[in-house]
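So the sequence shown is numbered by numbering that gives the first Met the number 0: it starts at 0 and just counts up by one.
For glycine and all other residues, C-beta sits at the position ideal for the given N, C-alpha and C.
Every value quoted in this text rests on a predicted model; they were computed, and no experiment measured them.
Heads up, the thing below is written out as structure tokens.
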Amino acid sequence: MSAPTATPPLLEVRDLHQRFSVPRGTVHAVSGVSFELRHGETLGLVGESGCGKSTTGRAILQLPAPTSGSVRFAGEELTGRTPAQLRPVRRRLQAIFQDPRSVLNPRRRVRDIVGEGLAIQGVGAADARAQVDQALRDVGLDPAQVGDRRPGEFSGGQCQRIAIARAMVLRPELLICDEPVSALDVSVQAQVLNVLATMRRERSLAMLLIAHDLAVVRAFSDRVAVMYLGRIVEVGPSDHIYSRPAHPYTRALVDAVPQPDPRLSQEGTPTLGGELPSPLDPPSGCRFRTRCPLATARCAEEEPALSEVAPGQSVACHYPLHPQRTPPEGAHV
Ligand SMILES: Nc1ncnc2c1ncn2[C@@H]1O[C@H](COP(=O)(O)OP(=O)(O)O)[C@@H](O)[C@H]1O
Ligand code: SF4
Ligand SMILES: [Mg+2]
């Protein structure tokens, strides 16, 4: 699952901010998020509910456009475009969501739902029908059985398959998957993930996998970005993030997952107490400081920037847990 490195990124997100005005003030939902995604690569985006994962995914899709920052897809800037200007790109950049029923019109037949994007692209009826039938087969559904039925007749797992067919029939290069299996029964989750894994393998599809379930993200992602209250606090190769988390928050998330390997549960681990602070009034300095067992006065004053602690692994913390690049205390540099 290693990502190619020679070609320029498929997606470049730079200093993304999304703020919402609400009666009580301004929600700082996303505050300076930057990352890249390469062709065929899967980046997992994890963090507690309310930390800004979905808002990030939607801002990439320009739904709505971000308050500020840049989203470049295949070298083209998406922010500032009108809906008409976005249309040609939208085919190449598709999304599936936690609740597939939210995108499946209950009054339309499955074949029309899956073929909607092709119709918008002006694909002729006969071609569209063949592509829709193939897309349904690709997600494990028999077009003859399901094509003329309506979404209400299907289970959650089947609806998610239909939503995947609807996205994939357009042959996108990037699929944003926002909690694609978290509303499904555990037994069905693996089946839907298998469908996505097959698509990814056969089509060198890039994915942004948004999920709060670390086990799902680990199994599925080349790299993982950890979000906390609107910011990325750590990013790196999946295995490093899980085996050597450098941010106290990542460490707490990893330790909250039951560990089959007891060597990975160590004493002295920072534990995660309290709740996510309000994005209406984020803490000064490091946003994690109100819950961090390692916080010092510096953490309240100075916001830590992401900096590399190991090849490809960056962390935003003044006192990373694996400070390979930080000299020991008292050392002269
Ligand atoms: N349209 C909106 N208006 C106001 N607040 C919003 C809106 N969308 C999201 N938020 C807020 O932004 C924060 C991040 O939300 P979200 O991106 O959905 O988090 P996550 O997907 O990580 O659970 C939350 O506090 C949420 O209430
Ligand atoms: S910067 Fe300070 S408060 Fe923030 S995670 Fe690191 S030690 Fe904790
Ligand atoms: Mg969400």
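Rounded to whole angstroms, how far is the Cβ of I333 from the Cβ of L174, which I believe are closer than 8 Å? Here the chain has residues from 0 to 332 only, and residue 333 is not among them.
Between which two residues does the alpha helix (DSSP H) containing A125 stretch? Residue mapping note: residue 125 aligns to position 126 of the sequence shown, counting from 1. Where A125 is concerned, the enclosing alpha helix (DSSP H) stretches over 124-137.
Restricting to Cα atoms, I'd like to know which of A58, A214, E76, I119 is closest to Q188. The residue you call residue 188 lines up with position 189 of the sequence shown. That would be A214, whose Cα lies nearest to the Cα of Q188.
Shorter than 7 Å, the distance from the beta carbon of Y318 to the closest heavy atom of ligand 2, or not? As a working note, residue 318 is residue 319 in the sequence shown. Y318 Cβ: within cutoff of ligand 2.
So, is L62 buried or exposed, given that buried needs 16 or more other C-beta atoms within 10 angstroms? The residue you call residue 62 lines up with position 63 of the sequence shown. In this structure L62 is exposed. Its beta-carbon is surrounded by fewer than 16 other beta-carbon atoms within 10 angstroms.
Taking 7 Å as the cut-off, is the beta-carbon of A28 closer than that to any non-hydrogen atom of ligand 1? In the sequence shown, the residue the question calls residue 28 occupies position 29. Result yes, Cβ under 7 Å from ligand 1.
Within 8 Å, do at least three Cβ pairs link the segment 56-73 to the segment 215-230? No contact exists between the segment 215-230 and the segment 56-73.
Alpha helix (DSSP H) segments (min. 4 residues) lying fully within the segment 19-100: Complete alpha helix (DSSP H) runs here, min 4: 52-59, 82-89.
Alpha carbon of P82 to alpha carbon of D254, nearest angstrom: The sequence position of residue 82 within the sequence shown is 83, counting from 1. The sequence position of residue 254 within the sequence shown is 255, counting from 1. Going by the C-alpha atoms only, they are around 43 Å apart.
May I ask which residues mark the beginning and end of the alpha helix (DSSP H) holding R230? Counting from 1 along the sequence shown, the entry for residue 230 is found at position 231. Not the alpha helix (DSSP H): R230 falls in the beta strand (DSSP E), residues 230-236.
Taking 7 Å as the cut-off, is the CB of E47 close to at least one heavy atom of ligand 3? Your numbering for residue 47 matches position 48 in the sequence shown. The answer is no for E47.
Of all the beta strand (DSSP E) runs that stay within the bounds of the segment 189-233, which reach a length of 3 or more residues? Here the runs fully enclosed are 205-209, 222-227.
Taking the straight line between their C-alpha atoms, what separation do you get for G74 and Q93? One-based indexing of the sequence shown puts residue 74 at position 75. One-based indexing of the sequence shown puts residue 93 at position 94. Rounded to whole angstroms, the gap between the alpha carbons of G74 and Q93 is 17 Å.
Start-to-end residues for the beta strand (DSSP E) that takes in V113: Numbered from 1 along the sequence shown, position 114 holds the residue referred to as residue 113. From DSSP, V113 is part of no beta strand (DSSP E) but of the alpha helix (DSSP H) over 109-119.
For S132, count neighbouring C-beta atoms within 10 Å of its own C-beta (all shown protein chains included) and say buried if the count is 16 or more, exposed if not. By 1-based counting over the sequence shown, the position of residue 132 is 133. It is Asp, not Ser, that sits at residue 132 in the sequence shown. Answer is buried; the Cβ neighbour count reaches 16.
Exposed or buried, R288, counting other C-beta atoms within 10 Å across all chains shown (16 or more means buried)? Along the sequence shown, read from residue 1 onward, the residue named residue 288 stands at position 289. So R288 counts as buried.
Please confirm whether any heavy atom of ligand 2 lies closer than 7 Å to the CB of A304. On the sequence shown, residue 304 is found 305 positions in, with the first residue counted as 1. Distances between the C-beta of A304 and the heavy atoms of ligand 2 are all 7 Å or more.
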